[in-house]
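What follows is a set of notes on a single structure, which appears directly below.
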Amino acid sequence: MNKLISTLSQVDDDRLRTILQAIPDLIWLKDMNGVYLTCNHRFEQFFGALEKDIIGHTDYDFVSKELADSFRENDRIAMMKGGPSKNEEWVTFADDGHQELLEATKTPLLDKEGQLIGVLGISRDITQRKKSEMFEKFRSSTLELLTGDTPLTVILEFIVQGVEQLNSAMNCSILLLDEEGKHLGHGIAPSLPAFYNAAIDGVAIGMGVGSCGTAAYTGERVIVEDIATHPYWAPYKTLAAKAGLGACWSEPIRSSFNQVLGTFAIYHKDKNYPSEADIYVIEQSAHLASIAIERKLLEEKVRQLAFYDTLTNLPNRRLLKERLNQAMSVSKRTHCYCALMFIDLDNFKPINDMHGHGIGDLLLIDAAKRLKSCVREMDTVARFGGDEFVVLLSELDVDQAISTSQAQRVAQKIRAALSVPYVLPTDILPAATIEHRCTASIGVTVFLNQGINQDDILKQADAAMYEAKEAGGNSIRFHDNLKN
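129 is the number that UniProt numbering gives to position 129 of the sequence shown; each next residue is one higher, with no gaps.
Structural data, given as structure tokens:
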């Protein structure tokens with residue numbers, strides 16, 4: 001002890017104290033037995049005691065035995081190592097109860113003769129740095145999800161839960177706007193009460209509609225640190241109180257074209273104002289959500305272009321063949337018959353010749369709607385090209401006669417629906433319409449997945465359709481001379 005005091009006396013005490021107090025890190029000095037010799041003001045905040053009351057005592061007088069044992073072991077490692085030793089420690093500050101992750105560097109002190117006389121400790125707050133590292137790791141994991149076929153809802157839930165894991169005091173939500181961009185819905189908020197999520201679903205956005213409704217409406221971040229007193233939350237104050245929510249910070253989720261897609265929100269149980277680090281998290285989380293949403297929207301658009309007819313929004317040939325392949329696989333397993341119908345509109349060409357392709361397109365769109373109304377949800381209506389459509393009926397019956405009868409009824413229903421006159425708008429005169437009669441020739445084949453391929457099925461239905469066309473149209477013909 002005397003050697004250490006003698007060494008310290010060689011330095012101007014006032015200058016040393018000024019330096020120690022100016023440094024924002026925790027600094028302390030212990031002898032070989034772990035007794036404190038000095039510390040700075042930052043360290044006083046940790047123990048919640050003045051330096052004069054810390055000097056002469058050990059860690060066991062201020063913290064739990066478990067933590068004190070840990071401090072003592074790290075001191076011992078540094079002294080045995082003979083050089084600086086680093087470790088990370090989560091500690092709670094006694095003066096106000098907040099927690100910090102400290103990176104402690106402990107360096108053994110030697111006298112002039114090289115004899116060990118104590119340990120100098122310096123601890124730096126690395127809480128934000130560690131959180132930033134954790135966020136970057138979380139961000140990378142999120143971006144990896146985007147490279148696969150993970151559904152959008154799973155990715156958005158991953159984002160929400162990832163932010164909550166970074167800060168257990170936060171409850172997060174992602175709300176998406178509807179197609180019209182006027183209502184909040186499709187909420188991803190697993191940590192919020194179900195009744196709260198249900199109440200928010202479908203709320204119209206607008207100025208003063210909570211944090212999220214306002215953020216979505218204005219396209220600007222909305223920070224409400226006290227829900228109970230903020231005017232934006234007046235209509236929802238009771239709901240928020242029931243859900244135990246005290247603060248809400250909402251960030252608009254924007255597309256690369258600056259279109260608002262939804263909101264990312266962070267809730268706290270008590271009133272709370274965000275730090276700079278919190279603002280970074282909310283901005284980056286909203287950006288991640290934007291990337292995920294835009295990517296999935298693009299994938300859906302590509303799929304739409306690849307598999308659906310752009311005019312009628314019906315499946316195209318490519319998707320029809322996939323659905324036909326699926327139906328054949330199910331047929332092989334269940335032994336149920338399926339039916340394929342080729343449908344060609346009669347008297348379609350004259351409307352294009354007389355009124356133009358724009359009016360003809362309107363008729364095709366109407367015909368597509370009529371076809372869909374005639375079949376089950378599980379069946380497929382596809383546009384094959386021009387004025388030709390295909391209907392696929394899956395899983396009819398294990399009996400061929402019954403299946404044929406079922407297909408016959410659907411075909412008759414389709415023929416009747418398509419025969420109703422089409423009343424189409426025209427831009428020649430305001431509120432003027434055109435009426436056009438357009439029937440259909442329908443060819444049907446009923447099949448099992450036994451010794452037949454897709455091309456054969458399509459050819460059979462096509463051949464039957466031509467028989468109906470040659471018979472004068474507005475009629476139904478079955479393959480293999482099964483007549484209507």
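Every residue, glycine too, gets a C-beta built ideally from N, C-alpha and C.
Taking DSSP as the reference, what is the three-state secondary structure of residue i?
i: F46; result: helix
i: N313; result: coil
i: A440; result: strand
i: D95; result: coil
i: V63; result: coil
i: A228; result: coil
i: K86; result: strand
i: L29; result: strand
i: T238; result: helix
i: V35; result: coil
i: E136; result: helix
i: I282; result: helix
i: E100; result: strand
i: T18; result: helix
i: I223; result: strand
i: K81; result: helix
i: Q326; result: helix
i: K112; result: coil
i: T142; result: helix
i: T218; result: helix
i: T58; result: coil
The alpha helix (DSSP H) that contains residue i, what's its start and end?
i: K271; result: First-last for K271: undefined, no H or E at that position.
i: residue 487; result: Outside the displayed span of the chain (1 to 484) sits residue 487, for which this structure offers no information.
i: F257; result: No alpha helix (DSSP H) contains F257, which DSSP labels as neither H nor E.
i: S275; result: Unbroken run through S275: none, as it is neither H nor E.
i: K52; result: 51-54
Tell me whether the beta-carbon of residue i lies closer than 8 angstroms to the beta-carbon of residue j.
i: A464; j: S394; result: no
i: F342; j: V390; result: yes
i: A432; j: T426; result: yes
i: F43; j: L16; result: no
i: N316; j: A382; result: yes
i: R370; j: A339; result: no
i: N167; j: L192; result: no
i: S403; j: Y337; result: yes
i: G82; j: D59; result: no
i: L176; j: G185; result: yes
i: L102; j: L29; result: no
i: V160; j: I117; result: no
i: I77; j: T105; result: no
i: I174; j: G244; result: no
i: Y422; j: L363; result: yes
i: V203; j: G213; result: yes
i: F71; j: F47; result: no
i: I55; j: Y36; result: yes
i: E100; j: T127; result: yes
i: E322; j: N272; result: no
i: F158; j: Q284; result: no
i: S419; j: D344; result: no
i: A265; j: S211; result: yes
i: K52; j: A277; result: no
i: I282; j: E251; result: yes
i: L146; j: R295; result: yes
Since residue i contacts residue j with CB under 8 angstroms, what's their CB separation in whole angstroms?
i: I205; j: A216; result: 4 angstroms
i: L152; j: I293; result: 7 angstroms
i: I476; j: A411; result: 5 angstroms
i: G208; j: D346; result: Their Cβ separation, rounded to whole angstroms, is 58 angstroms, which puts G208 and D346 out of contact at 8 angstroms.
i: H335; j: I434; result: Rounded, the Cβ-Cβ distance is 48 angstroms, inconsistent with contact.
i: H479; j: A468; result: Incorrect: roughly 11 angstroms between the Cβ atoms, too far for contact.
i: A368; j: T310; result: So it is not a contact: roughly 12 angstroms between Cβ atoms.
i: Q408; j: D397; result: Not really, about 13 angstroms apart at Cβ, beyond 8 angstroms.
What residue range is occupied by the uninterrupted beta strand (DSSP E) comprising residue i?
i: D125; result: 116-125
i: R254; result: 247-254
Practice task
Return the chain-ordered ranges of every alpha helix (DSSP H) run that is complete within the UniProt domain "GGDEF" (336-481) and spans a minimum of 4 residues.
Solution key: 349-355, 357-373, 400-419, 454-470
Handout entry: Whole beta strand (DSSP E) elements within the region 147-213, 3-residue minimum
Key = 171-177, 184-188
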